[in-house]
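Okay, structure first, notes after.
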Ligand code: FES
Ligand SMILES: [Fe+2]
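In our numbering, the protein residues as written are 29 to 430.
Given below as structure tokens:
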């Protein structure tokens, strides 16, 4: 039977998510636990949008390549001799072994570990050793070399981030990122350089991270990093100090810096992210749907790419970027460390609960366990705080039902 969102969820459940936020219901337990639903997401959402897959610093030099999985399919990311980043299906054109099983550095070619067919970094077939008895395997004309290149996949780079759109039907990456570009008010993201890359696996569905795109949980889940509800809520108006913004693929939480009390300050001598003269400085956590978080604050960018591995398993691929020498100079080490303390905890451990990231992950893992229960089918959104969550779940359904 054909797998559809309506068959898996039921029309009434879809209708309940679609309602105005005040009366809407959130996605039911099955959307977080079922293999079939996960496969539907891979085919109808991940393959048809721009999935964040890696950072440019993951393959810094020509000849660097890495195997990744996008929407359940094996893909190679490679940096060519022209310093371009390309993506290919990680499938040998001989008899379909995976060409690359481990990341490699400064390779001259991509060589299959089976009978060693090899392609240059642009995906052109270079050798099929002894296929026709000759050394290159290409002399007797059995093989049409031109048609046996690695099959390319649609890939794009935006600043530090690498995206793949497997179906090849998404709008250009600039258009996908345009709402974020506008929100950032000219912030010079290009002035930032990577200081740290950390991957943490967690035992929960990838959507937990997007469902978390609100400030409602701060005071409780992130105590003592946040300590007062009034940091996030104006008790007089009963409205959060941040507005939830949604535009296309981008959801953001923009804080009213004129009225809101400042968050507890970190002292820092780190260089600030440059803005054009006269432009208002914007700082905000942003989520580029489906899976890339780009949080811009005064002196750094904290990013996470969530890679969905299974219905109940994901990896957070985190990167931290600072301006110029701020990323590497020992003079700024203390400032960088204070920042890592906040995000990763002083423990720097995925198993702890002392930084924003591992605190969130512990919650998501507890949600994942609770989502096994039939009592987890009826969840609600706060109209005051959780517009982003409602928006995300509706966008997901737009893709799944299209
Ligand atoms: S499958 Fe790759 S060389 Fe045969
Ligand atoms: Fe959080």
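Note that beta-carbon positions come from the ideal geometry of N, C-alpha and C, so glycine has one too.
Judged by DSSP in its simplified three-state form, residue 184 adopts strand. Within the stretch 254-292, complete beta strand (DSSP E) segments of at least 3 residues are found at 270-275, 278-283, given in chain order. Measuring C-alpha to C-alpha distances from residue 380 to each of 258, 250, 328, 301 identifies 250 as the nearest. Residue 345 sits buried, since 16 or more C-beta atoms from the chains shown fall within 10 Å of its C-beta. In chain order, 346 place their CB closer than 6 Å to the CB of residue 226, counting only its own chain and leaving out the 5 sequence neighbours on each side. With 16 or more other CB atoms across the displayed protein chains lying within 10 angstroms of its CB, residue 165 is buried.
Three or more pairs of CB atoms, one per stretch, sit closer than 8 Å, so the stretch 229-245 contacts the stretch 409-417. A buried status is given to residue 296, since no fewer than 16 other beta-carbon atoms sit within 10 Å of its beta-carbon.
In the DSSP assignment, residue 388 falls within the alpha helix (DSSP H) that extends over 384-398.
Under the Cβ criterion (8 Å, minimum of three pairs), the stretch 346-360 does not count as touching the stretch 96-109. In its chain, beyond the 5 residues on either side, 160 have a beta carbon closer than 7 Å to the beta carbon of residue 167.
Below 8 Å, enough C-beta pairs join the stretch 202-216 and the stretch 303-310 to call them touching: three or more.
For residue 33, the enclosing alpha helix (DSSP H) stretches over residues 33-37. Taken atom to atom, the span from the alpha-carbon of residue 134 to that of residue 287 is near 51 Å.
Here residue 227 carries a strand assignment [DSSP, helix/strand/coil].
Inter-residue distance for residue 353 and residue 76 is about 38 Å (C-alpha atoms, whole angstroms). Listed in chain order, the beta strand (DSSP E) runs fully inside the stretch 32-88 are 79-83, counting runs of at least 3 residues.
Taking 8 Å as the cut-off, the C-beta of residue 395 does not count as close to any heavy atom of ligand 2. Taking the C-beta atoms as reference points, residue 110 is found nearer than 9 Å to residue 90. Set against 8 Å, the gap from the CB of residue 240 to the closest heavy atom of ligand 2 is smaller. Here residue 101 is bridged, per DSSP, to 98. Residue burial annotation: residue 256 is exposed, with fewer than 16 other C-beta atoms found within 10 angstroms of its C-beta. Three or more pairs of CB atoms, one per stretch, sit closer than 8 Å, so the stretch 316-324 contacts the stretch 78-88.
Considered as a whole, the stretch 288-348 harbours 312-316, 320-324, 328-338 as its complete beta strand (DSSP E) runs of no fewer than 3 residues, in chain order.
Per DSSP, the unbroken beta strand (DSSP E) holding residue 117 starts and ends at 113-117. By alpha-carbon distance to residue 138, the top candidate from 59, 118, 174 is 118.
In the three-state scheme derived from DSSP, where H, G and I count as helix and E and B as strand, residue 129 is classed as coil. Residue 152 sits in coil when the DSSP states are folded into three classes, being neither helix nor strand. Straight through space, the alpha carbons of residue 52 and residue 186 are spaced by roughly 35 Å. Taking residue 392 as reference, the option from 343, 33, 179 with the minimal CA-CA separation is 343. Residue environment for residue 235: buried (at least 16 other C-beta atoms within 10 angstroms of its C-beta). Around the beta carbon of residue 427, a 10 Å sphere encloses 16 or more other beta carbons of the protein chains shown; the residue is thus reported as buried. A distance of 9 Å or more separates the beta carbons of residue 222 and residue 299. When secondary structure is reduced to three states using DSSP, residue 211 falls in the helix class. Taking residue 170 as the centre and dropping the five residues before and after it, the same chain places the C-beta of 159, 160 closer than 8 Å to its C-beta, in chain order. Residue 388 has its CB nearer than 8 Å to a heavy atom of ligand 2.
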